[in-house]
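Note sheet for the following structure.
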Amino acid sequence: MADQQNLLAEQRRALILDEVRRRGGVRVNELTRRLNVSDMTVRRDLDALAHRGVVEKVHGGAVPVAEPSTHEPGFEAKSGLEQSAKEAIAGAAASLVQPGSAIALSGGTTTYALAQRLLDVADLTVVTNSVRVADVFHAGRNRTDAAGRTTVREGAASVVLTGGVRTPSDALVGPVADRAIRSLHYDLLFLGVHGLSARAGLSTPNLAEAETNRRLVRSARRVVVIADHTKWGTVGLSSFATLAEVSTLVTDAGIPAGMREEITEHVADLMVADPAPAAHRP
């Protein structure tokens, strides 16, 4: 029951955040009527959203927190956000990968979660500009037997790590990365994003990362964006792809129905992943 209540709370807070961003502010009494919950419940939801730094509480309601379009949080700061949603998204996205595929993973905490789900998929070739993703596959490449001997695990992924300049998100970007990616071709690109919207498409606060992401998109046969519900409506400094270039968007159940309708107007395939109950999470 507790897990169900938590999931309902996440969905309710996603609806509140959507209203705040869409209207520029909400009042507590409006939310109690719309959501059919108590004043105390709404205030707890606003406290939780304010603690995450996505709204600012004001007398009688809340308004959005306007982050600069150049603000780029680091990997550690992002890794603690929406963890259950990222795990659910990673599980759904992993189902798209076939043994023997050539895939690419961009930088980000959601692609990092996906990498951990792909360690048991045999004979992958993985192109990545993420130091963290490369570390996951490197750590999973070897196995140690009872005698303490270390050998390469059968079917372990072959990893191509691009060079480049490291960003706060531990992605490698810039001309070196761009040249490496330009000569490659892969079946699937799994792309984490800072923000996505109908108007701005896919965007990032980092100009060099935007160009590297453009290269990643151009080299992919199919583009899969993996992003939790909080990314919808966020716009970074530089756009690098339109929603029309996205084959599949994998997101979580916290995304409100209104957002789903808007997304499906632009993206052919929308996958919504439900977080597993806490007792069943790996």
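Residues 1 to 282, numbered by full-length UniProt numbering, are exactly what the sequence shown covers, in order. Quick reminder that beta carbons are idealized off the backbone N, C-alpha and C, glycines included. On a predicted model such as this, the values are computed, not experimentally measured, just so you know.
Give me the Cα-Cα distance between residue 283 and D269, rounded to the nearest whole angstrom.
Since the first and last residues shown for the chain are 1 and 282, residue 283 lies out of range.
For a quick check, are the C-beta atoms of V131 and L191 less than 9 Å apart?
For V131 and L191, no; Cβs fall outside 9 Å.
V193 and V225 - do their beta-carbons sit closer together than 9 Å?
Against a cut-off of 9 Å, the Cβ pair of V193 and V225 comes out as a contact.
Please determine if the region 113-132 and the region 88-95 are in contact, where contact requires at least 3 C-beta pairs separated by less than 8 Å.
Counting Cβ pairs under 8 Å, three or more are found: they touch.
Among the candidates A146, G108, R153, K86, whose CA atom is the shortest distance from the CA of L119?
Among A146, G108, R153, K86, the Cα nearest to that of L119 is on R153.
Mapping DSSP to helix, strand and coil, what is L207?
It is helical.
Taking contact to mean 3 or more Cβ pairs, one atom from each stretch, closer than 8 Å, check whether the region 260-268 and the region 44-62 are in contact.
Counting Cβ pairs under 8 Å, fewer than three are found: no touch.
Within the same chain, show all residues whose beta-carbon is closer than 7 Å to that of A180, passing over the 5 residues directly before and after it, in chain order.
These residues qualify, in order along the chain: T162, G163.
Taking the C-alpha atoms as reference points, what is the distance between A85 and V176?
Rounded to whole angstroms, A85 to V176 spans 33 Å at the Cα level.
Check whether the Cβ atoms of G100 and A122 lie closer than 9 Å to each other.
For G100 and A122, yes; Cβs fall inside 9 Å.
Give the C-beta separation of A241 and L202 to the nearest angstrom, bearing in mind that I take them to be a contact with Cβ-Cβ under 8 Å.
That pair is a contact at about 4 Å.
Look up N213 in the DSSP assignment and say whether it is helix, strand or coil.
Helix at N213.
For the candidate residues R34, F137, R33, A244, whose alpha-carbon lies nearest to that of L196?
Nearest option by C-alpha distance: A244.
Can you tell which of R214, N206, E82 has its C-alpha closest to the C-alpha of V235?
Selected option, being the one with the closest Cα: N206.
Could you pull the start and end residues of the alpha helix (DSSP H) that A92 belongs to?
Taken as a continuous stretch (DSSP letters only), the alpha helix (DSSP H) holding A92 covers 83-94.
Please go through the region 124-202 and give each complete beta strand (DSSP E) segment of 3 or more residues, from N-terminal end onward.
Listed in chain order, the complete beta strand (DSSP E) runs (minimum 3 residues) inside the region 124-202 are 125-128, 142-144, 150-152, 158-161, 186-191, 195-197.
Between A253 and Q11, which are expected to be in contact by the criterion C-beta below 8 Å, what is the C-beta distance as a whole number of angstroms?
Correct: roughly 7 Å between the Cβ atoms.
Grab me the residues of E82's own chain with a C-beta within less than 7 Å of its C-beta, minus the 5 sequence neighbours each way, in chain order.
These residues qualify, in order along the chain: D228, T230.
With DSSP collapsed to three states, give me the class of G236.
The answer is coil: DSSP assigns G236 none of H, G, I, E or B.
Within a Cβ cutoff of 8 Å, which residues of the same chain sit near R215, ignoring the five residues on either side of it in sequence?
Taken in chain order, the residues that qualify are A177, D178, I181, R182.
Can you tell which of A102, L96, N129 has its C-alpha closest to the C-alpha of R117?
R117 has its Cα closest to that of L96, out of A102, L96, N129.
By Cβ distance below 7 Å, which residues in the same chain neighbour G60 in space, the five residues on each side in sequence not counted?
Same-chain partners within the cutoff: R27, V28.
Output the distance between the C-alpha atoms of D39 and A9, rounded to the nearest integer angstrom.
Going from the Cα of D39 to the Cα of A9 covers about 14 Å.
I'd like the ranges of any beta strand (DSSP E) spanning at least 3 consecutive residues and lying wholly in the UniProt domain "HTH deoR-type" (9-64).
Fully enclosed beta strand (DSSP E) runs of 3 or longer: 55-58, 61-64.
Closer than 7 Å by C-beta to S247: which residues in its own chain qualify, once you throw out the five before and the five after it? Chain order, please.
Around S247: R222, V223, V224, A268, D269.
Please classify S158: is it buried, with 16 or more other beta-carbons within 10 angstroms of its beta-carbon, or exposed?
Burial call: exposed.
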